[in-house]
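Novice: Residue numbers (our numbering): 507 to 910.
From the three backbone atoms N, C-alpha and C, an ideal C-beta is built for every residue, glycine too.
Here the structure is a predicted model, which means the values were calculated and not measured.
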Amino acid sequence: MDKRSPLEWNCIGSGALSLSSEFQSFPFPDLSGEIVLKGKNTRPDVSFQTMHFELGLKKSQETLKLKPNQMTYLAYSNKKLHFSNEQSPLWIQPKVDDKGDVWLKMGIELINSEGEKLLNEEREIKIEPLCNTKKVDSLSNLELRKGVEVFQKGKWWDTDKLFEGYGGVDYQPYIGLQRFEMENEHGKEFLFFKEDETYVWKDEKWVKSDQTKGYSVAKVISMSPYKLEWQFWDSEGLESVTLTFAREKAQSVSLRIEDVFTRLRKRTSSRISCRVDNRAKILREGDWLVHTSSGWHTIKHYYEVEALLNLDILGDLFIFDGIQVVDGKEIFAGSLFNPMRTEVKSVRLPLSHVKGNEHSAHTKNSLSTKISALAHDENDSSVQRGRQSKKFEEIEDLELIDDD
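1. If you draw a straight line from the alpha carbon of G801 to that of K641, how long is it in whole angstroms?
2. If you draw a straight line from the C-alpha of S619 to the C-alpha of N575, how long is it?
3. What did DSSP end up calling K652 once you bin it into helix, strand or coil?
4. Say whether the stretch 598-614 touches the stretch 556-573, bearing in mind that this needs 3 or more beta-carbon pairs closer than 8 Å, one atom from each stretch.
5. What's the gap between the Cα of E592 and the Cα of V723?
6. To the nearest angstrom, report how far apart I837 and V706 are at their CA atoms.
7. Might you give, ordered along the chain, the residues of its own chain that have their beta carbon closer than 8 Å to the beta carbon of F699, omitting 5 neighbours on each side?
8. What three-state label does DSSP hand D751 in the structure shown?
9. Can you check whether the C-beta of L636 is within less than 9 Å of a C-beta belonging to chain B?
10. Could you compute how far the alpha carbon of G671 sits from the alpha carbon of K772?
11. Closer than 8 Å is the cut-off here; do at least three beta carbon pairs connect the stretch 555-567 with the stretch 746-753?
12. Taking the alpha carbon of K648 as the reference point, which residue from E710, L537, W794 and L855 has its own alpha carbon closest?
13. Taking the CB atoms as reference points, tell me whether E669 and V759 lie closer together than 9 Å.
14. Would you mind reading off the limits of the beta strand (DSSP E) that contains G545?
15. Give me the DSSP bridge partner(s) of D643.
16. Give me, in chain order, the residues of the same chain whose beta-carbon lies closer than 7 Å to that of V656; leave out the 5 immediate sequence neighbours on both sides.
17. Could you tell me which residues DSSP pairs with E560 in its beta bridges?
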């Protein structure tokens, strides 16, 4: 910063150095209309003691970043106040109270040529920050802007009901979490979130992290059943933007499941024969079936499970829980989810009766009802359930459901 000259004595009594009614014997500068608090760091990971501010001078348009209790000097020249690197009679010092309000402590010390102290006065004024919440296209921090633009195009979905009944141990942490769907260079991804947690923009995507220093951060500041408000901050906390979203309305289950699964007959304690949309099928306890534009398909492979969990496969999902006994009668039991899995319906259908145990035990492999974490070789090896794995294709191109 350029070196500024000390106070110009001929300016005392005008402008920022106008006489204050509180000081009748000597002038005290009135800075309330000259200094503005352009912004303060309101990131959720900073305290009142560690936050910093951006002060500005109205006439000279200068800005300066300061920490609490950090003193700086002012010089008056060319009828304007300037921040000064050199000690001058006029100084300011921002402070924060225990409520987070910002106070500006000001002082002036005048000493004559003989070393006599003519004036040594201090005062404090409360200053309100200008709104540092901006529009997305006005953000100067490019990292924050990129992250917010990705978020801005996203969709807010309700909780994934699949995890509540079928998540298993590995997916317990996701139960009850809201979902935010975003598209980035990695494709479609979901951020599972809740209030009071902080998320960072890292590696071109938003992730939950306790290591927030140096990153742009995001946090839910308000959530109701129909409205969600996020706030985003740059790495310094001086730029911020707020985005508001309405909850997406997911497509409800429109199927009449009793019309889909017909001629239900018990074959073993864990298997039934039936017709699915008039196609003969054998279902085993734990089978997952998804309904897409090409019909019903059985999920057989782990890469299909992964695609289903990531909602790369979209369709009504049915999970066969097995044969249960209710009031002494055996029933076909399962759960039916809508495509976004925000709704689940319990399915209970009576079994048709056949004489005796007509069918032999079935040894066909199937997936467990519970979702388990994919083992390394299930993710990466070429062998999956007895056949060569392949890159995920459109489900219409896979023969996922075979008649027995």
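Specialist: Put simply:
1. If you take the alpha carbons of G801 and K641, they lie about 45 Å apart.
2. When the Cα atoms are used, S619 and N575 turn out to be separated by approximately 30 Å.
3. In the three-state DSSP reduction, K652 falls in the helix class (H, G or I).
4. The stretch 598-614 vs the stretch 556-573: in contact.
5. In a straight line, the C-alpha of E592 is about 36 Å away from that of V723.
6. I837 and V706: Cα-Cα distance of roughly 48 Å.
7. Excluding positions up to five away in sequence, the list reads L683, Q684, R685, F686, Y705, K714 and V726.
8. A small correction: the amino acid at residue 751 is Phe; Asp does not occupy that position in the sequence shown. Looking at F751 - three-state DSSP - the assignment turns out to be strand.
9. Of the protein chains in the structure, only one exists, and it is not chain B.
10. Cα-Cα distance, rounded: 24 Å.
11. In short, these stretches do not touch, since the Cβ pair count stays below three.
12. In the sequence under discussion, the amino acid at residue 648 is Leu, which differs from the Lys named in the question. The closest CA to that of L648, considering only E710, L537, W794 and L855, is found on E710.
13. In the sequence as presented, Glu is not what sits at residue 669; that position holds Phe. Contact flag unset, no.
14. Taken as a continuous stretch (DSSP letters only), the beta strand (DSSP E) holding G545 covers I541 to K546.
15. According to DSSP, which records beta bridges pairwise, D643 is partnered with nothing at all.
16. Contacts found: M688 and N690.
17. E560 has G545 and K571 as its beta-bridge partners, per DSSP.
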